[in-house]
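Student: Going by the numbering used here, the sequence shown opens with residue 1217, and the numbers climb by one from there. The C-beta atom is built at its ideal place from N, Cα and C for all residues, glycine as well. My structure is below; once you've seen it, I'll send some questions.
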Amino acid sequence: MAKSFFFFLLFSSSLLGAGSFSLDQISSSFPSKGFEDRIEFWKAIFTEYGDREVLIHDQNDVRLIYEVVRFAREVRDDGVEYERQRKELEKRKKEFQRLFEEIRRYGYDSEKLTKTHKKIIRLLESHGYSPSSRLLRELGTNIRSQRGIKEKFREGLIRSGQYLSRIETIFKEHGLPAELALLPHVESSFDYSVYSKRGAAGIWQFIRGTGRRYLKINRSVDERLDPLKSSEAAARLFRENYDTLGNWPLAVTAFNHGTNGMARAKRRFGADLGKIIQQYQSRTFGFASKNFYVEFLAAVSVARNYSDYFGPLEFASPRLYDTISLKRSHRLSHFTQIQGLTEEILRDYNPHIRADVWQRSKILPAGLEIHLPHGQGETIAAALETVPAASGPILVADNGAMGYRVQDGDTLLVIANRVGSSVSTLQLANNLSNPDRIYPGQFLLVSEASERPTQYRVRPGDTLIEIAIKFGTSLRQLQSMNLIDDPHLIFLGQVLLIP
């Protein structure tokens, strides 16, 4: 059976980009000197190479591209194809490790060297390297792969039309450079509802801990998925990073690596990001952190000159909406009974409302902010005043927490069953030593009890051990609950029960 890929060696960095990077494309706040090669590499990833193309290259010197592997199929939403390609890429990387080791062992003048060995040597020499035994050993351990995202970047450009102008306004109000509003091209391709396999969410890819510093994250809402509220949070974080670190290269890198981590690096090596990248050794300061700033510079360059790479584009229309805050709980049906308002429209305008609301409770709690089509907010708010309050459990959003207001006749067991929790969990969350001592009107915290999902749908690149770590359970428990004998045999779209 014929393989679905072919490869070729690149011997010049000239194939990396459509043109050299120009300093006048970025403001003086974002210096690019010393990063030109990395910028060209990422511009090529964003504009020349697509989902079916993977570059095998050196992780420290991205000019050293050893191979471009071209697959016949894309991997999007195809877990089987993703796994097949992953194995093929691992095989190709090991092949290059073998080649480097053979060159090191044989020596440069050996008759045992093949044409492939000699091409690698010429590639190194063309970029100023004098191959030594030590260098070859190091290069053999530096091999990594990078998939192109040309299609994804183009889609992100189109999507950015919905909110980019308002994000730029938010950043201007915080006294921030406008270029920072383009960082979601790196983080999420302006995918407003995306979750990463590590639990980061939204266009700014806030992890839960960072998100909670600025945003509401509870049983009903995850404001990391609200494009404007999360952008407000991003602006605050950028301002804090800059005030702490003193320059934008460090502040941008801190958005990925963390403010404290970059502050430690600055104390040891000074404020020059280039020097930090070369000298700072940390288990968490890897390829992603080292390249975050240059990815940003490349993304700004491409976004500002998109027609040079993608031709004319029709951007998504700006998304305008009205926002109302619910004075009391409402069933979802109260909204969908209003003419012209469907659940699909509500979901589209409110990505921050969690799936549990749409799929399970069907109740929008008091205090929840709802986005509605522009010009319809007052009319819909007035219409809601005419419908009866939601019956059943009355969920309330209170200071970022999701809770339950105790009703006459309630017991903790009844409440636990209503909100999908347990008596012991509710006791712990609310510091209740006696489960019988609750009273009407009391606010009980339920967000911590109900925050973790009970199910998870497998996504491209997921492994069972990563899913277990993500949800704070063990691999054995996850296998047992889902009757999985081989932890390697999971498939895209598979629904897993979470212990």
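Does DSSP put Arg-1547 in a helix, in a strand, or in coil?
Tutor: Strand, per DSSP.
Student: Sorted by chain position, which residues of the same chain lie with C-beta nearer than 8 Å to Val-1603's C-beta, five sequence neighbours on each side aside?
Tutor: His-1546, His-1550 and Gln-1553, listed in sequence order.
Student: Label Ile-1681 either buried or exposed according to how many other C-beta atoms from any shown protein chain fall within 10 Å of its C-beta, with 16 as the threshold for buried.
Tutor: Exposed, since its Cβ has fewer than 16 Cβ neighbours within 10 Å.
Student: Do Ile-1255 and Val-1510 have their C-beta atoms closer together than 8 Å?
Tutor: Yes, these two residues count as a Cβ contact at 8 Å.
Student: Taking the Cβ atom as the reference point for each residue, do Ile-1419 and Pro-1400 lie within a distance shorter than 8 Å?
Tutor: Yes, the pair counts as a contact, with Cβ atoms nearer than the cut-off.
Student: In or out: Pro-1443 buried (at least 16 other Cβ within 10 Å) or exposed?
Tutor: Counting Cβ neighbours within 10 Å, Pro-1443 comes out buried, since at least 16 surround it.
Student: Going by CA-CA distance only, name the one from Lys-1334, Glu-1252, His-1343 and Arg-1360 that's closest to Leu-1305.
Tutor: Measuring from the Cα of Leu-1305, the nearest candidate turns out to be Arg-1360.
Student: Using a threshold of 8 Å, state whether the C-beta atoms of Glu-1290 and Arg-1308 are closer than that.
Tutor: Not a contact, by the Cβ cut-off of 8 Å.
Student: Kindly indicate the opening and closing residues of the beta strand (DSSP E) around Ile-1586.
Tutor: From DSSP, the beta strand (DSSP E) with Ile-1586 extends over 1585-1589.
Student: DSSP has Gln-1362 in a bridge; who is on the other side?
Tutor: DSSP output for Gln-1362 lists Leu-1271 as bridge partner(s).
Student: Check for me: the beta strand (DSSP E) holding Ser-1541 runs from which residue to which?
Tutor: From DSSP, the beta strand (DSSP E) with Ser-1541 extends over 1537-1541.
Student: Closest to Ile-1596 by C-alpha separation, out of Ser-1638, Arg-1576, Leu-1580 and Asp-1538, would be which residue?
Tutor: Closest option to Ile-1596, Cα to Cα, is Asp-1538.
Student: Throw me the rounded Cβ distance for the Phe-1512 and Val-1468 pair, which I believe falls under 8 Å.
Tutor: About 6 Å; that satisfies the 8 Å criterion.
Student: In this structure, does DSSP put Phe-1707 in helix, strand or coil?
Tutor: Phe-1707 falls in the coil class under three-state DSSP.
Student: Look at the Cβ atom of Gly-1415, then the Cβ atom of Arg-1428, and state whether they are nearer than 8 Å.
Tutor: Not a contact, by the Cβ cut-off of 8 Å.
Student: Given a cut-off of 8 Å, decide if Leu-1642 and Ile-1631 are closer than it, judged by their beta-carbon atoms.
Tutor: Yes, Cβ-Cβ distance for Ile-1631 and Leu-1642 is below 8 Å.
Student: Taking Gly-1477 as the reference, give the member of Glu-1439, Leu-1708, Phe-1501 and Leu-1584 with the closest Cα.
Tutor: Cα-wise, what sits closest to Gly-1477 is Phe-1501.
Student: Roughly how many angstroms lie between the CA atoms of His-1587 and Gly-1593, to the nearest whole one?
Tutor: Those two C-alpha atoms are separated by around 8 Å.
Student: Just to check my reading of the structure: Pro-1393 and Ser-1248 have Cβ atoms closer than 8 Å, yes? What is that Cβ distance to the nearest angstrom?
Tutor: 14 Å between Cβ atoms; not a contact.
Student: Apply the 10 Å Cβ neighbour rule to Ala-1665 and answer buried if 16 or more other Cβ atoms are within range, or exposed otherwise.
Tutor: Summary for Ala-1665: the model assigns pLDDT 39, below 50, so the residue's position carries little reliability, and this model does not support an answer.
Student: Is it buried or exposed for Lys-1366, if we count other Cβ within 10 angstroms and need 16 for buried?
Tutor: Under this definition Lys-1366 is a buried residue.
Student: Report yes if the C-beta distance between Ile-1374 and Ala-1470 is below 8 Å; otherwise report no.
Tutor: No.
Student: By how many angstroms is the C-alpha of Lys-1578 removed from the C-alpha of Leu-1542?
Tutor: Approximately 15 Å between the Cα atoms of the pair.
Student: Thinking Phe-1246 and Glu-1395 are a contact (beta carbons under 8 Å), I'd like their distance in whole angstroms, please.
Tutor: Confirmed, Cβ separation roughly 6 Å.
Student: Quick check on the DSSP output: the beta strand (DSSP E) that includes Arg-1455 runs from which residue to which?
Tutor: Taken as a continuous stretch (DSSP letters only), Arg-1455 belongs to no beta strand (DSSP E), being part of the alpha helix (DSSP H) at 1443-1461.
Student: Taking only three categories from DSSP, how would you classify Arg-1286?
Tutor: If DSSP states are grouped into helix, strand and coil, Arg-1286 belongs with the strands.
Student: With 16 other CB atoms within 10 Å as the buried threshold, where does His-1704 fall?
Tutor: It counts as exposed.
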